[in-house]
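Basically the working numbering = 1-based index in the sequence shown + 416. Quick reminder that beta carbons are idealized off the backbone N, C-alpha and C, glycines included. As the structure is a computational prediction, the values presented were derived from the model and not from experiment. This report concerns only the one structure given below.
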Amino acid sequence: MSLNIVSNNGLPPDDPAVLIKESQNYEFSTSVPLNIWLNASSRMIKHGHSFASQGLIGDAYVLYSKFIDLFVKKLSKHPDLNVYKNNFKRSGILTKEGKSYKQYLELRKNLPPLMAVSYTHLRAHETRRHL
417 MSLNIVSNNG LPPDDPAVLI KESQNYEFST SVPLNIWLNA SSRMIKHGHS FASQGLIGDA
477 YVLYSKFIDL FVKKLSKHPD LNVYKNNFKR SGILTKEGKS YKQYLELRKN LPPLMAVSYT
537 HLRAHETRRH L
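If you want it as structure tokens, here you go:
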């Protein structure tokens, strides 16, 4: 099932601005519990992977972008987050010596090159579709 992101001429949009705008098209409310948002974000990633494997790169890009927007801009300010943070602090998982923190640093280091590759792949795929 595709998100049906199309331009006025019925072709996939070749303008990344259209995809970015679509990725920010959702409503966020802090009255919705954090665990519900976490479950929704998990489904975004799952469906994004599915779309990417089907060659629906634009749709995958929108879901991945929604996921990032949700985590970076919205969930980081959710009031329930402090409860989760306190539980993690007590568990010791987030200490600089912890395995999760080291994995986080490794992933963070690789994020800019991965994003550049994804963008380049998206543009190349969209260009091929218009030929």
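No beta strand (DSSP E) of 3 residues or more sits fully in the stretch 430–460.
Taking one beta carbon from each stretch, the stretch 455–472 and the stretch 492–507 have fewer than 3 pairs nearer than 8 Å; the two do not touch. CA-to-CA, the gap between W453 and L491 works out to about 8 Å. A distance of 9 Å or more separates the beta carbons of K501 and Q440.
Between E522 and V478 a beta carbon distance of about 27 Å is seen, past the 8 Å cut, so the two are scored as non-contacting. Taking C-beta separations shorter than 7 Å and ignoring five residues to either side along the sequence, the partners of Y442 in its chain run K482, following chain order. V478: member of the alpha helix (DSSP H) spanning I473 to D485, first to last residue.
With respect to the 9 Å criterion, L450 and H494 are classified as neighbours on the basis of their beta carbons.
A direct Cα-to-Cα measurement between G474 and P432 gives close to 9 Å. For the options L486, N526, P528 and K518, the alpha carbon positioned closest to that of N455 is the one of L486. In the structure shown, P495 falls within a coil segment according to DSSP collapsed to helix, strand and coil.
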